[in-house]
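For the sequence shown, the UniProt record's numbering begins at 1 and goes up steadily by one.
The beta carbon of each residue, even a glycine, is placed where N, CA and C say it ideally should be.
I have placed the structure first, in the form of structure tokens, so that the comments after it can refer back to it.
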Amino acid sequence: MADMLSADALDLIFRDARSYNGWLDKPVSDEQIKAIYELLKMGPTSANMQPARIVWVKSDEAKAKLAECASEGNRDKIKTAPVTAIIGYDIDFHEELPWLFPHTDAKSWFEGDEEGRKEGAFRNSSLQGAYLMIAARALGLDCGPMSGFDNEAVDKAFFGDSPRHRSNFICSIGYGDRKSIFDRSPRPDFETFNSIA
Numbered sequence: 001m002a003d004m005l006s007a008d009a010l011d012l013i014f015r016d017a018r019s020y021n022g023w024l025d026k027p028v029s030d031e032q033i034k035a036i037y038e039l040l041k042m043g044p045t046s047a048n049m050q051p052a053r054i055v056w057v058k059s060d061e062a063k064a065k066l067a068e069c070a071s072e073g074n075r076d077k078i079k080t081a082p083v084t085a086i087i088g089y090d091i092d093f094h095e096e097l098p099w100l101f102p103h104t105d106a107k108s109w110f111e112g113d114e115e116g117r118k119e120g121a122f123r124n125s126s127l128q129g130a131y132l133m134i135a136a137r138a139l140g141l142d143c144g145p146m147s148g149f150d151n152e153a154v155d156k157a158f159f160g161d162s163p164r165h166r167s168n169f170i171c172s173i174g175y176g177d178r179k180s181i182f183d184r185s186p187r188p189d190f191e192t193f194n195s196i197a
């Protein structure tokens, strides 16, 4: 069994981590972005599928384009963040399974079942997006996940050359401004929504 993380590490990733609405004027490097990916790709997914297709929106031009697709309340969050990740997914992820999951013919499990692929791609790209946030926090960065945007507009603007890719959610990443967060909302006790059978 692996050793547990320290209390400080758990605080960093979970207990003290917050969803940020504003950002300090401090850049996130391409090396940091790549380090996030190198961690998130190690998280478990069904049959090691890697359906997530991520666009790391960093340039002012790309930020403005993404902000145009977002609800008014999210536009400044995108424009002021050092980077915002668009976590998308590939409906045809199964084409990559022969090398990602070589133990068996996993590709055949998904052929001819586009609805099943959409469901699997959405679920597993959501997992990968969660791993992205955990990785970013573990590397000392803060996150601001968002769903207030026009998926169709984002798909057209950022996945236009890949029509089988769809956006799932977006997440700004950087060094959060503590003044931009609200008081923490309630978190339920175990007994509220859990049972052990």
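Looking at the DSSP output, V55 bridges to I86. Counting along the chain, the unbroken alpha helix (DSSP H) around N151 starts and ends at 151-158. If you look at P145, you'll find it in the beta strand (DSSP E) that goes 142-146.
By the C-beta density criterion, G176 is buried, having at least 16 other C-beta atoms within 10 angstroms. Of the other Cβ atoms in all chains shown, 16 or more fall within 10 Å of the Cβ of G144; this residue is therefore buried. Between S167 and F158, the gap from beta carbon to beta carbon is short of 9 Å.
Secondary structure note for S167: its beta strand (DSSP E) is the uninterrupted segment 165-174. In the DSSP assignment, Q50 falls outside any alpha helix (DSSP H), carrying neither H nor E. Secondary structure at A81: coil, using DSSP grouped into helix, strand and coil. With the rule of 3 Cβ pairs closer than 8 Å, the segment 127-142 does not count as touching the segment 59-66.
In the DSSP assignment, no residue is bridged to A17. By the Cβ criterion, the segment 17-36 is in contact with the segment 70-90, since at least three pairs of Cβ atoms, one from each stretch, lie closer than 8 Å.
Only residues of its own chain outside the window of five on either side were considered, and among them F93, N124 have a CB closer than 6 Å to the CB of M49, listed in chain order. The bridge partners DSSP lists for A130 come to none. For A70, the secondary structure class from DSSP, reduced to helix, strand or coil, is strand.
Pairing Y89 with K118, the inter-Cα distance amounts to about 9 Å.
With a threshold of 16 other beta carbon atoms within 10 Å, I54 meets it and is buried. Contact check for A64 and I170: beta-carbon distance about 14 Å, past the 8 Å limit, so the pair fails to qualify.
Between P44 and L127, the gap from beta carbon to beta carbon is short of 9 Å.
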